[in-house]
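2 protein chains.
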Amino acid sequence: MSTAINKYIGQHQQRFIDELFDLLRIPSVSADSKFRNDVLEAANFVRDKLLAAGVDEAEVITTAGHPVVYAEKILDPVLPTILVYGHYDVQPADPYELWDSPPFEPVIKDENIYARGAADDKGQFYMHVKAFEAMLQTGGLTCNVKFMIEGEEEVGSENLEDFLQENQQRLKADVILISDTSIISTETPSITIGLKGLSYLAVEVTGPNRDLHSGVYGGAVDNPINVLCKMIASLKDENNKITIPGFYDKVVALSEAERTALAKAPFDLAAYMQDLGLEAVDGEKGYSTLERTGIRPTLDVNGMWGGYIGEGAKTVLPAKAFAKISMRLVPDQDSDEIARLFTAHFMSIAPATVKVKVTPHHGGKPYVTPLDSIAFQAASMAFEEAWGKKPVPTRDGGSIPIVALFDEILKIDTVLMGFGLDSDAIHSPNEKFGVFNFVKGIETITLFHKHFSALKNKL
Amino acid sequence: MSTAINKYIGQHQQRFIDELFDLLRIPSVSADSKFRNDVLEAANFVRDKLLAAGVDEAEVITTAGHPVVYAEKILDPVLPTILVYGHYDVQPADPYELWDSPPFEPVIKDENIYARGAADDKGQFYMHVKAFEAMLQTGGLTCNVKFMIEGEEEVGSENLEDFLQENQQRLKADVILISDTSIISTETPSITIGLKGLSYLAVEVTGPNRDLHSGVYGGAVDNPINVLCKMIASLKDENNKITIPGFYDKVVALSEAERTALAKAPFDLAAYMQDLGLEAVDGEKGYSTLERTGIRPTLDVNGMWGGYIGEGAKTVLPAKAFAKISMRLVPDQDSDEIARLFTAHFMSIAPATVKVKVTPHHGGKPYVTPLDSIAFQAASMAFEEAWGKKPVPTRDGGSIPIVALFDEILKIDTVLMGFGLDSDAIHSPNEKFGVFNFVKGIETITLFHKHFSALKNKL
């Protein structure tokens, strides 16, 4: 059967890629309101392709923010049901000047598709649409399928919780399947079993009530940029431990056995540094690079600005300085609690010479997939059959805030069957996705359906 | 005689203001190349007004950057000669949204002229043009006058040194008179006897060779913004002393007597803080607010940026972070040496995880006017006659880099007879200049001419 499916995939591969290109041409940037219409256009495009692929019904469901595309194909209520989650929105593409080709004009170079969203997540969720088509057209569909493709993942899925609450019946399923993560390499397939949570905040430091001449006032009036630098610098100690009181209280320490298992994932630090153009890496003392990204919470300034940032020199002592700061969380840290702890601490370290405003932006809870679940086993078998190797379970620094929500609201296990590579430069200029990964991913997804239904029927 | 001059000033006051408005309407921002033509237009405007005021000759002299306007009126070679320096270029006006009225559409509100450059320095140097006209038209001109009005003061007067070298003969004079500073208040006239030097640098911190996903790499790859914050924070210790090795070595400490004399200047800290909307001020331990701005060197971040600074949230670990940093210097610090010390120190504190680039932008030497000079005495007498009070000598945090150059290259003393107020918001939105200050300043300038020639003739 899988041969018929693979044959179909091979015959229609070029069309699959052409369709993906059409989707990648739509600049559906959810963070920036000037792309609002493009985001809607992308939603409509996804609905139309799902209908074309053969679902019973598909609709663009409005939310308080960007819409959710929902579709389903119910073969037979007694069959197991797979709920596919993905997102059609993308990160902002700037800085545009660093792209070798325009971010919304996809091109193939060296067997890679270059475009914003190629890997995150248009290229990855679209594999499910095409896998579904291939199974349906070849009579190889063995599970009911539901699609929930949202448009706010890159801005924290703020309206998805309400959507889940309001659509619990409709979203009933046996497993949630998501392709929005990476494998270690095409030689070493892997499945992400751990996802970090996120707490994202915006801070504003205000000094004088107007921009001042740095000569007339400098040295006597505290400079908001200098103050913000000092406050941010104090958020980590000399061992790169985060200094926010209570920050680590709920962090679940891994056993030596777990750390040893994770350490089995092949990793070449020299190659890693060379790829990034770095001469040294640094992070929390006492942990390896993979542990720093995978199992330890982190804090990064994602953006900072203040004063004169134009051409030439301006001797100004600015009234305000700003920063966007995010923390990646691990089980059992709670993003709301961390946001509260950060806010209280940040206010407490502000000197009397400034006023500080902290605005929680968005967050998400961390999640870990149970290794003994049928869902994980089916995914592992699918990879093994398609790639000829057992996938390595890994823990990823990335966050998919709503995975924890699925667990909490829908009570359904999630499997993160991603096919990207860390070198895909998601969220960066020149984002790419391998043509091989795209095609192989479609095949692997069809095999997940096969093994999942088989394991279910054994019960 | 001065009555005839004052009568003339009174009769032509409205025209003087109208002419100044025409000049203020020209957005001659020297820092931004897109205003290049406006800068040239301003130069031509100044030349034409000088010719109209009655100089023998006036020309716009090209330099490697923006041109210098030179003009002169030689009554008689045996008479003393006053060289007037000023600048027709202005600071960038952004942030535009904080202006109550457009920066290049001057308006009078509450007896103040609001516009970019109203006080710094168009309104102030133009007083000399009109004072000259008033003296010439009423037969009250007693000195030869030369005008050197440049267009690069706000970007460090980079080409003026060459200009001075090439025009030493032409610029011969007995004193250089500059109005580009402030008085304490209209009740308490003052003369700035000390000017700070400046050393302005741009720094760039580079981490990874591309923007990264802060989830995938955060915690394992050092973040250039966090690193830059830490480096900047370390530039001052807990007493707000600058930590750059050797920074204070050449600072001339004031005697207790000098500090006591400066402390005589009336200063209301509560009013100062209220004007700035501050609940506290802070600065170098062991010095008063006036000493921090007047006699102590300082360091300020004038601008900083990195990562995502647009709308919404982007979870990026940026490749680069940038800052513009300036230090205000006092006698006998040398701006080139300080730039070298800063650069060496900043490179030395950079961790191995980043590459740092430091680019010296521009600088200027500090200067102090000799109180026993005829020039200072004439200025003091002019203020006393016009304002009814002896002016207080003050030391100002501002920098006019080329004053030290005049001393060095032309060997001529400079008198800083400024008429602005600290509340004029120079370099900020809603810059203003009092109509009273403008008119009174013109009168004071004519009295300086009178007393300077009288004192010279006594010799």
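Residue numbers (our numbering), protein chains in the order written: chain A, 1 to 459; chain B, 1001 to 1459. Backbone N, C-alpha and C define an ideal beta-carbon position, used for all residues, glycine too. As the structure is a computational prediction, the values presented were derived from the model and not from experiment.
Legend entry - Backbone secondary structure at residue 4 of chain A - three-state DSSP: Helix at residue 4 of chain A.
Legend entry - Neighbour flag for residue 1349 of chain B against chain D, beta carbons, 8 Å: Among the protein chains of the structure shown, namely A and B, there is no chain D.
Legend entry - Rounded C-alpha distance that separates residue 367 of chain A from residue 197 of chain A: CA-to-CA, the gap between residue 367 of chain A and residue 197 of chain A works out to about 7 Å.
Inset, instruction - Let me know the secondary structure DSSP gives residue 44 of chain A once reduced to three states. - result: Correct three-state label for residue 44 of chain A: helix.
Legend entry - Contacts of residue 1008 of chain B in chain A (Cβ-Cβ under 7 Å): Residues of chain A whose Cβ lies closer than 7 Å to the Cβ of residue 1008 of chain B do not exist; the shortest such Cβ separation is about 34 Å.
Legend entry - One or two residues paired with residue 1081 of chain B in a DSSP bridge: DSSP lists B:1144 as the bridge partner or partners of residue 1081 of chain B.
Inset, instruction - Can you give me the start and stop residues for the alpha helix (DSSP H) that residue 1387 of chain B sits inside? - result: Note, residue 1387 of chain B: alpha helix (DSSP H), 1374 to 1387.
Inset, instruction - Kindly list, in the order they appear in chain A, the residues whose Cβ is closer than 9 Å to that of residue 1429 of chain B. - result: Going along chain A in sequence order, the residues near residue 1429 of chain B (Cβ under 9 Å) are 210, 211.
Legend entry - Short CB-CB distance (under 8 Å) between residue 330 of chain A and chain B: Closer than 8 Å: no.
Legend entry - Own chain, CB closer than 6 Å to residue 86 of chain A, minus 5 neighbours either side, in chain order: Around residue 86 of chain A: 121, 125, 149.
Legend entry - Contacts around residue 1 of chain A, its chain only, beta-carbon distance under 6 Å, and the 5 residues preceding and following it disregarded: In this predicted model, residue 1 of chain A has a pLDDT of only 42, less than 50, meaning its place in the structure is not dependable; the value taken from the coordinates is given anyway. The answer, listed in chain order, is 140.
Legend entry - the segment 1262 to 1286 of chain B: positions lying closer than 7 Å to chain A by Cβ: Across the segment 1262 to 1286 of chain B, CB contacts with chain A closer than 7 Å involve 1276, 1277, 1278, 1279, 1280, 1281, 1282, 1283, 1284, in sequence order along the chain.
Inset, instruction - Determine the contact status of residue 115 of chain A and residue 1210 of chain B, defining contact as a CB-CB distance below 8 Å. - result: Going by C-beta atoms, residue 115 of chain A is not nearer than 8 Å to residue 1210 of chain B.
Legend entry - Distance between residue 1378 of chain B and residue 1370 of chain B (C-alpha atoms, nearest Å): In a straight line, the C-alpha of residue 1370 of chain B is about 13 Å away from that of residue 1378 of chain B.
Inset, instruction - Would you list the one or two residues that DSSP bridges to residue 1213 of chain B? - result: Beta-bridge partners assigned by DSSP to residue 1213 of chain B: B:1316.
Inset, instruction - Starting from the C-beta of residue 359 of chain A, find all residues in its chain whose C-beta is less than 8 Å away, skip the five residues before and the five after it, and write them out in chain order. - result: 201, 202, 203, 204.
Legend entry - Touching by the beta-carbon criterion (3+ pairs, under 8 Å), the segment 1240 to 1260 of chain B and the segment 1169 to 1178 of chain B: Contact fails: fewer than three Cβ-Cβ distances are below 8 Å.
Inset, instruction - Return helix, strand or coil for residue 38 of chain A, following the three-state DSSP convention. - result: Residue state, collapsed to three classes: helix.
Legend entry - Validate contact between the segment 1264 to 1272 of chain B and the segment 1218 to 1228 of chain B using beta carbons, cut 8 Å, 3 pairs: Taking one beta carbon from each stretch, the segment 1264 to 1272 of chain B and the segment 1218 to 1228 of chain B have fewer than 3 pairs nearer than 8 Å; the two do not touch.
Inset, instruction - Please name the residues in the segment 1386 to 1409 of chain B whose beta-carbon is closer than 9 Å to at least one beta-carbon of chain A, in chain order. - result: Under the 9 Å Cβ criterion, the segment 1386 to 1409 of chain B contributes 1396, 1397, 1398, 1399.
Legend entry - Ordered list of alpha helix (DSSP H) runs contained in the segment 1162 to 1225 of chain B, each at least 4 residues: Segments of the alpha helix (DSSP H) lying fully in the segment 1162 to 1225 of chain B: 1214 to 1217.
Inset, instruction - Please confirm if residue 1311 of chain B has its CB atom under 8 Å from at least one CB of chain A. - result: Residue 1311 of chain B counts as touching chain A.
Inset, instruction - Could you tell me if residue 238 of chain A is buried or exposed, where buried requires 16 or more neighbouring beta carbons within 10 angstroms of its beta carbon? - result: Exposed, by the Cβ-count rule.
Legend entry - Counted within 10 angstroms of its Cβ, other Cβ atoms place residue 422 of chain A as buried (16 or more) or exposed: Around the CB of residue 422 of chain A, 16 or more other CB atoms lie within 10 Å, so the residue is classed as buried.
Inset, instruction - Could you give the DSSP three-state label for residue 1248 of chain B: helix, strand or coil? - result: Coil.
Legend entry - Option nearest residue 314 of chain A by Cα separation, candidates B:1227, B:1353, B:1089, B:1183: If you compare the alpha carbons of B:1227, B:1353, B:1089, B:1183 with that of residue 314 of chain A, the shortest gap goes to B:1089.
Inset, instruction - Would you decide whether residue 108 of chain A is buried or exposed? Buried here means 16 or more other CB atoms lie within 10 Å of its CB. - result: With a threshold of 16 other beta carbon atoms within 10 Å, residue 108 of chain A falls short and is exposed.
Legend entry - Cβ-based burial, residue 1328 of chain B [other Cβ within 10 Å; buried from 16]: Looking at its Cβ environment, which holds 16 or more other Cβ atoms inside 10 Å, residue 1328 of chain B is buried.
Legend entry - Chain-order list of residues whose beta-carbon lies under 6 Å from that of residue 1387 of chain B (same chain, five-residue window excluded): If we look at residue 1387 of chain B and ignore the five residues flanking it on each side, its Cβ neighbours are 1189.
Inset, instruction - In the DSSP assignment, find the alpha helix (DSSP H) that holds residue 440 of chain A and state where it starts and stops. - result: In the DSSP annotation of this structure, the continuous segment of the alpha helix (DSSP H) that includes residue 440 of chain A starts and ends at 435 to 458.
Inset, instruction - Check residue 291 of chain A in the structure and name its three-state DSSP category. - result: Correct three-state label for residue 291 of chain A: helix.
Legend entry - Rounded C-alpha distance that separates residue 1033 of chain B from residue 246 of chain A: Taking C-alpha positions only, residue 1033 of chain B is separated from residue 246 of chain A by approximately 51 Å.
Legend entry - Whole-angstrom distance between residue 1440 of chain B and residue 1105 of chain B, CA atom to CA atom: So the alpha carbons of these two residues sit roughly 24 Å apart.
Legend entry - Contact with chain B by residue 301 of chain A, beta-carbon distance below 8 Å: Residue 301 of chain A counts as touching chain B.
Legend entry - Proximity of residue 30 of chain A and residue 145 of chain A at Cβ, strictly below 8 Å: For residue 30 of chain A and residue 145 of chain A, no; Cβs fall outside 8 Å.
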